[in-house]
Structure formats: C-alpha cells, structure tokens
Amino acid sequence: MCYFDQTRWSCGFWRWGHFRQQCTKERRMGETCGLKLVYETRQENDVCKLCHDIEKKKRRYDKMYRDVQRWQREGNRSATIERTCGEMQEVHGQIHRMREEHGHRMLSIGQASQASLFPSCCDPTGELSVPGR
Numbered sequence: 003m004c005y006f007d008q009t010r011w012s013c014g015f016w017r018w019g020h021f022r023q024q025c026t027k028e029r030r031m032g033e034t035c036g037l038k039l040v041y042e043t044r045q046e047n048d049v050c051k052l053c054h055d056i057e058k059k060k061r062r063y064d065k066m067y068r069d070v071q072r073w074q075r076e077g078n079r080s081a082t083i084e085r086t087c088g089e090m091q092e093v094h095g096q097i098h099r100m101r102e103e104h105g106h107r108m109l110s111i112g113q114a115s116q117a118s119l120f121p122s123c124c125d126p127t128g129e130l131s132v133p134g135r
C-alpha cells in the first residue's frame, strides 16, 4: 500500500498524482507494492477536461441542430441536411461514450451515488434529437 497524491475536480472526476511515500511491504528496490492509497487530495474548483470536452461537443451538436432546422425552413438543401444529420449522430455517440467514461471513473472509487455520477455538464437524461428523423 503505497501513497500517491490525488486530484479531484468539482464534478467528482479524479486521477492519481505523483508517488509520495512507500509502504513497509518487502519488495525489490525502487518498486511499489501495486496498492495505491491517497496521501493527499488536491481539490480543483473547475470541472475536469472530460466535462469541458463534453460541453464543446454539446455546443457543436446544438449548432448543427439549429443549422438543420434553418435549412429545412429554407428548403433545397436535402444533401446538406442528410450529411449534417449523419454527423450529428456521430457527435451524439461521442457524447454518450464520454459520459459513460465519466460515469465509470466515478464508480471506480466506490463513493459516488447514482445521482452524482453525471454532473450538470453530463446530464444523462438530456436526450439529443436528430431533426427530421
């Protein structure tokens, strides 16, 4: 049980930091035992990079959605609408995978409740729609 720093963001996401102290278990020189304990937790007031990336993807998706709505009103853009709807499905899938990754990290520490798995930036109930489908 060796000790490491930990960084925890306001959204609950965390990561291991630098090695701080070796435990007393016998092993070869310069090796850690493989079990990690928290030496010190550094709290970050901001959300993690993954949440920032999810927000960027959501903004991109929202812009594509507004564009498709506008193009449907204007007409004569069926190929552009079809291509953009395909891109929207890809972005939706990316957002879903990023939210899952965030949730899995939260579960891996065993301290998160289901309600806290998805912070406001990662609302799992926020369904993204594809216009015209």
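Residue numbers for the sequence shown follow the working numbering, beginning at 3 and rising by one.
We put the CB at the ideal spot given by N, CA and C, even for glycine.
Distance from the CA atom of Arg107 to the CA atom of Asp69, rounded to whole angstroms, is 34 Å. Shown here for Tyr41: same chain residues with a beta carbon closer than 7 Å to its own, the five before and five after excluded, namely Tyr5, Phe6, Asp7, Arg22 and Gln23 in chain order. In the structure shown, Cys35 falls within a coil segment according to DSSP collapsed to helix, strand and coil.
Listed as beta-bridge partners of Val40 by DSSP are Phe6. The closest CA to that of Val49, considering only His94, Met3 and Trp16, is found on Trp16. DSSP links Gln45 through a beta bridge to Arg10.
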